[in-house]
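If you read the protein sequences in the order shown, they are chains A and B.
Residue numbering for the first sequence follows the working numbering, starting at 236 and increasing by one per position.
Residue numbering for the second sequence follows the working numbering, starting at 1240 and increasing by one per position.
Every residue gets a Cβ at the ideal spot worked out from N, C-alpha and C, and that includes glycine.
In this text the structure is predicted, and so the values were computed from the model without any measurement.
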Amino acid sequence: MTLRNPLRYLDTPLRRVNAVVVTVALLFALVYPYLVPPPMVGVGFVALLYALRNFTWNIAGGYVGQLSLSHIVAFGTGAFSVAVLTWRHEVNAWIALVVGVLISAVVGFLISLLMSRFGVNAFFLALGTLALSLAAAGVAASWTFLGDTNGISYSGSEEGFAHLMWYIDPSGFYYTTLGFLVVITIGIAALMRFTHFGRSLPFIREDPVIAASMGIKVVRNQALAMALSMGLTSIAGTLIAQYVQIVSYESVLTVEIGVAMMVGSIIGGAGTLAGPIVAGIGIAVLEEFLRSFAVSSANVSSYTQIAYAVVVILLLRFGTGGIMPLWEAGVRRVFGTGRKPVAPAAAEPVGELVDGRVG
Amino acid sequence: MSTVLQLASTGLLQGLIYSLIGIGLYLVFTVMRVVNFAHGYFVLIGMYGVLSLEPKGFFPFLGAVVVAALGGALVGYLVQRLLLESGLAKGGHSQLVITLSLGIAIQYLFQVLHPEPFETIPNPYPFEAFTSSGVTISAPRMAAGVLSLVLVLAVSFLVYRTRIGTIIRGCSESLNGAIHVGINVRRVYRLTFALGCGLAAVAGGLLLPIQPVSPALGLELTIKAFIVVVIGGAGSLWGTVAAGVLLGLAEALGSLYAPGTFATALVYGLFFLVILVRPQGLVVRAASRIKPAETSTKVGVG
């Protein structure tokens, strides 16, 4: 692949508009900590963390269509690995992060292989992985190694990037998360565009049977995507653990976290690159906005959960694919497609019911 | 020995309630190929429904259970009609996320309405407890088990012995065939979904005097119902009933050796073991073994 003029990618109005938006957003993200007081930098960190966690869920959940809730286990593994290794045994936090990634990836690989015994059935995958997460929470709640019901608190004194810890100023966490998000986004975009493995993933989602008949190793690629997805989700768990400095089964192994990842990706647009990031940041801003009303904090989380649920139900009920498809359609309407008009494809027949397994 | 006997009988009666919850999910799953993630939350609707009616005495309690069941069935009917039906043609993902989100919405709605966890009602039955050879069983538990068994038998009569049941089974076995003989599939789906949700709500009402209700319970019950259906296998309603009893027994006897949360984890571990060894479920009807593999042909309706 020779390196040609990179601007040749900007051949449609949509791509040009997106390039401008991404550049502006990145520049804003870089200067954001200098514009606002430290508590708001914390909010920015949480927003980026939501974006990161949605994005990594989307690799398996959006691109491959594996609606998994085992990412809760990955998130928890990341948090508990830093709690057990770094806080208890003073291993470097980065090593703990890598350990968490590896454990989560192995768990993801195995759970995907195990659930593939049901064939490609989204319901079984979702409920099986949910059972796994509840089992993990049960184990963490009754095992002193994982802090049982008390949780594990931070103990340490080092600070700085080498120790992945900042006490007063959260901008260290902010920039680290931003760095992870940018690197992972570019990496996954390249993977999806340039590799055979990456390109096979949406194919598997759309039609696993035809994908298999074309020689794609469906079960293996699903398991690898799940491993990649869960491994990267673990990074988000490590970062939040270092930030809040306490880890317990109630804080990192709850179903709400898994649902938030799933719902965030779907609101943004499952299987799109930018959707989960946009939705993650949007949800964090919305939560902060709700918190500014004088509602008790317990009710804030209840109302936000109800609001997510209602938004997702409406999105799915009325058949829109989330924020990103709406955005793309809007930009195309305003700026035109930049392509020659083609004859419209025949409308799909409506009112079909699929016999056989759901899939 | 009497501890084991005590736990076994408690587990058996608890298992019958799981069977009742499970067959609601089983019906919806086998007929529509949709797993209702909100199923456990319909049990919650039954529990909170009875709780808010505050029944005093036996007959008001039974009345409250019936009202809660009708309420659950009505909500189920509306959910199927307004939210799920239009997406059935598109395959599984949208129903999955819709029912999951619906469950979350119901959970947090109850969280706002009833912030107190572990609410319950006093024993509504006219007797206190049964004691026999060292085993004591409280009246609500006994009554819930027996009534669950009666309802399970009634549902199996409905499914296997009546015309409606034949139609439901027809839709389950061959959607194409059902359409060709002129069955109104949409109506059958709505009724089946309402029936499944109604059964869940009844189970909730019966469960309330035994198990204090919190909004978080819905998820646990959804998972248990799902485990019951998977372990029972898609072949027969009786597999689901047997799996429910098995789950109840495993849970009760597991608590003998492991503390509370760990016993739950143990149940999930067993579940993974079962799907590793027998992903088709423990009970498979003889006929389904010789049936040719299902095809996924598409048919137009309506």
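What number of angstroms, rounded off, separates the C-alpha of residue i from the C-alpha of residue j?
i: Thr1431/B; j: Thr468/A; result: 39 Å
i: Val253/A; j: Ser464/A; result: Strictly speaking, residue 253/A in this sequence is Asn, with Val absent from that position. Between Asn253/A and Ser464/A, the C-alpha separation is close to 25 Å.
i: Asn293/A; j: Arg1400/B; result: 47 Å
i: Asn456/A; j: Val257/A; result: 30 Å
i: Thr539/A; j: Glu522/A; result: 7 Å
i: Leu1456/B; j: Leu1446/B; result: 12 Å
i: Ala1344/B; j: Ala542/A; result: 8 Å
i: Ala1308/B; j: Leu1255/B; result: 18 Å
i: Arg243/A; j: Leu561/A; result: 25 Å
i: Leu1259/B; j: Val1484/B; result: 10 Å
i: Ile421/A; j: Val341/A; result: 23 Å
i: Ala1417/B; j: Arg526/A; result: 53 Å
i: Ser1535/B; j: Leu1390/B; result: Note on Ser1535/B: pLDDT 43, under 50, position unreliable in the model; no value is reported.
i: Ala370/A; j: Gly1493/B; result: 14 Å
i: Tyr1316/B; j: Arg1429/B; result: 6 Å
i: Glu587/A; j: Thr1479/B; result: Summary for Glu587/A: the model assigns pLDDT 47, below 50, so the residue's position carries little reliability; its value from the coordinates is reported in the next sentence. Rounded to the nearest angstrom, the two C-alpha atoms are 30 Å apart.
i: Leu1505/B; j: Leu261/A; result: 47 Å
i: Thr473/A; j: Glu325/A; result: 15 Å
i: Ala1481/B; j: Leu265/A; result: 60 Å
i: Tyr409/A; j: Gly515/A; result: 15 Å
i: Leu1301/B; j: Val535/A; result: 36 Å
i: Met1286/B; j: Gly504/A; result: 36 Å
i: Ala1247/B; j: Val281/A; result: 48 Å
i: Leu1251/B; j: Leu459/A; result: 42 Å
i: Phe1465/B; j: Gly1261/B; result: 7 Å
i: Ala361/A; j: His398/A; result: 36 Å
i: Val1314/B; j: Val1427/B; result: 16 Å
Less than 7 Å between the C-beta atoms of residue i and residue j, yes or no?
i: Gly1435/B; j: Leu1266/B; result: yes
i: Tyr267/A; j: Ile518/A; result: no
i: Ser1333/B; j: Val547/A; result: no
i: Met559/A; j: Thr507/A; result: yes
i: Gly1296/B; j: Ala1439/B; result: no
i: Phe263/A; j: Pro511/A; result: no
i: Thr384/A; j: Ala376/A; result: yes
i: Ser1453/B; j: Val1270/B; result: no
i: Thr1242/B; j: Ala1491/B; result: no
i: Ala318/A; j: Ile387/A; result: yes
i: Phe1276/B; j: Thr1338/B; result: yes
i: Glu1358/B; j: Leu1290/B; result: yes
i: Met350/A; j: Gly363/A; result: yes
i: Gln1245/B; j: Gly1487/B; result: no
i: Val1351/B; j: Ser537/A; result: yes
i: Pro1448/B; j: Asn1362/B; result: yes
i: Ala1433/B; j: Ala1312/B; result: yes
Starting from residue i, follow its DSSP beta bridges and name the residues at the other end.
i: Ala1368/B; result: Ser1377/B
i: Met400/A; result: Gly395/A
i: Glu1358/B; result: Val1452/B
i: Ile387/A; result: Val482/A
Along chain A, in chain order, which residues have C-beta atoms closer than 7 Å to that of residue i?
i: Gln1350/B; result: Ser537
i: Thr1347/B; result: One detail in the question is off: residue 1347/B reads as Tyr in this sequence, not Thr. Near Tyr1347/B (Cβ distances below 7 Å), the residues of chain A are Ser537, Gln540, Ile541.
i: Gly1508/B; result: Ala370
i: Ala1504/B; result: Ala370, Gly373, Val374
i: Leu1458/B; result: Val490
Below 9 Å on C-beta distance, what does residue i contact in chain B?
i: Val498/A; result: Val1336, Leu1339, Ser1340, Ile1343
i: Gly363/A; result: Phe1465, Val1469, Phe1510, Phe1511, Ile1514
i: Phe358/A; result: Phe1268, Arg1272, Val1273, Val1274, Phe1276, Gly1331, Gln1334, Leu1335, Phe1465
i: Gly300/A; result: His1332
Using the beta-carbon of each residue, which ones in chain B are nearer than 8 Å to residue i?
i: Ile307/A; result: Per Cβ cutoff of 8 Å: no residues; Ile307/A is ~12 Å from chain B at best.
i: Leu349/A; result: Phe1511, Ile1514, Leu1515
For residue i, I'd like the list of residues in its chain whose CB is within less than 8 Å of its CB, leaving aside the five on either flank, ordered along the chain.
i: Gly1509/B; result: Just to set this straight, residue 1509/B is Leu in the shown sequence, not Gly. So the qualifying residues of the chain are Ala1489.
i: Val255/A; result: none
i: Leu1283/B; result: Ile1345, Gln1346, Phe1349, Gly1443, Val1452, Pro1454, Leu1456, Gly1457, Leu1460
i: Val1540/B; result: Caution applies to Val1540/B, whose pLDDT of 37 falls short of 50 and renders its modelled position unreliable; the value that the coordinates give is listed next. Cβ within range, chain order: Ile1418, Val1424, Arg1425.
Give the residues of chain B in contact with residue i, contact being defined as C-beta atoms less than 7 Å apart.
i: Arg288/A; result: In chain order: nothing, as chain B lies at least about 17 Å away.
Applying a beta-carbon distance threshold of less than 8 Å, which residues of chain A neighbour residue i?
i: Ile1462/B; result: Leu362, Leu365, Ala366, Leu369
i: Gly1263/B; result: Result: empty, since nearest Cβ-Cβ is about 15 Å, beyond 8 Å.
i: Leu1430/B; result: Within 8 Å Cβ-Cβ: nothing; Leu1430/B doesn't reach chain A, min ~16 Å.
Tell me which same chain residues have a C-beta within less than 7 Å of the C-beta of residue i, skipping the five on either side of it?
i: Gly571/A; result: Pro248
i: Leu367/A; result: Ser305, Val308, Ile346
i: Arg250/A; result: Tyr244
i: Ser1395/B; result: Leu1476
Residue i touches chain A at which residues, Cβ-Cβ below 9 Å?
i: Phe1501/B; result: Gly373, Val374, Ala376, Ser377, Trp378
Apart from the five residues just before and just after residue i, which ones in its own chain have a Cβ nearer than 6 Å to its Cβ?
i: Ser435/A; result: Ile451, Asn456
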